[in-house]
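*Asks:* Residue numbers for the sequence shown, in the UniProt record's numbering: 1 to 113. Backbone N, C-alpha and C fix where the C-beta goes; we use that ideal spot for every residue, glycine too. These numbers were taken from a predicted model, which means no experiment stands behind them.
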Amino acid sequence: MKQSGIAKKTLYSHFTGKDELVLATLQYRDDIFNQWFNYILESEPSGEKSILAIFYGLDDWFNNKVPELSPFRGCFFINTAAEYSVTDSVIRQYCRSHKQVIRSLIKTKLLCS
Numbered sequence: 001m002k003q004s005g006i007a008k009k010t011l012y013s014h015f016t017g018k019d020e021l022v023l024a025t026l027q028y029r030d031d032i033f034n035q036w037f038n039y040i041l042e043s044e045p046s047g048e049k050s051i052l053a054i055f056y057g058l059d060d061w062f063n064n065k066v067p068e069l070s071p072f073r074g075c076f077f078i079n080t081a082a083e084y085s086v087t088d089s090v091i092r093q094y095c096r097s098h099k100q101v102i103r104s105l106i107k108t109k110l111l112c113s
């Protein structure tokens, strides 16, 4: 909040509650992450290099070499889901969906390589 210069009251005036704000943040992060991850997947069309590209990309992310993903502090979706104890909450469902999409992208890449 300090870095943005936006008051908490101003921020919350755009959302009906905390969950709506968190969901909007997840959607934004999902878009950014998926763009980056798809770029990694497409960087090598097939073969062993395509599999290595995934690991090199993750290594870059973990070591803060991907500015668009912000400093690495663990998985944004796992960390967010851990804050919600109700397993069928919209927030947890969104986090679960993100993980399923990423898992599916990796599986497809591995099967095509």
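Considering only their Cβ atoms, is the gap separating I32 from E68 smaller than 8 Å?
*Replies:* One-based indexing of the sequence shown puts residue 68 at position 68. One-based indexing of the sequence shown puts residue 32 at position 32. Yes, these two residues count as a Cβ contact at 8 Å.
*Asks:* Rank P45, L58, Q93, K8 by C-alpha distance to the C-alpha of Q27 and give the top, closest one.
*Replies:* One-based indexing of the sequence shown puts residue 27 at position 27. Of P45, L58, Q93, K8, the residue nearest in Cα terms is Q93.
*Asks:* Using 10 angstroms around the beta-carbon of K109, count the other beta-carbons present and answer buried if the total reaches 16, otherwise exposed.
*Replies:* Locating residue 109 in the sequence shown gives position 109, counting from the first residue. Burial state of K109 is buried, judged by a 10 Å Cβ sphere holding 16 or more other Cβ atoms.
*Asks:* Would you mind giving the Cβ-Cβ distance between F77 and K99, rounded to the nearest angstrom? I have them listed as a contact below 8 Å.
*Replies:* The residue you call residue 77 lines up with position 77 of the sequence shown. The residue you call residue 99 lines up with position 99 of the sequence shown. Sure, about 6 Å apart at Cβ, within 8 Å.
*Asks:* Here's the rule I'm using: 16 or more other beta-carbon atoms within 10 Å means buried, otherwise exposed. How should F62 be labelled?
*Replies:* Your numbering for residue 62 matches position 62 in the sequence shown. So F62 counts as exposed.
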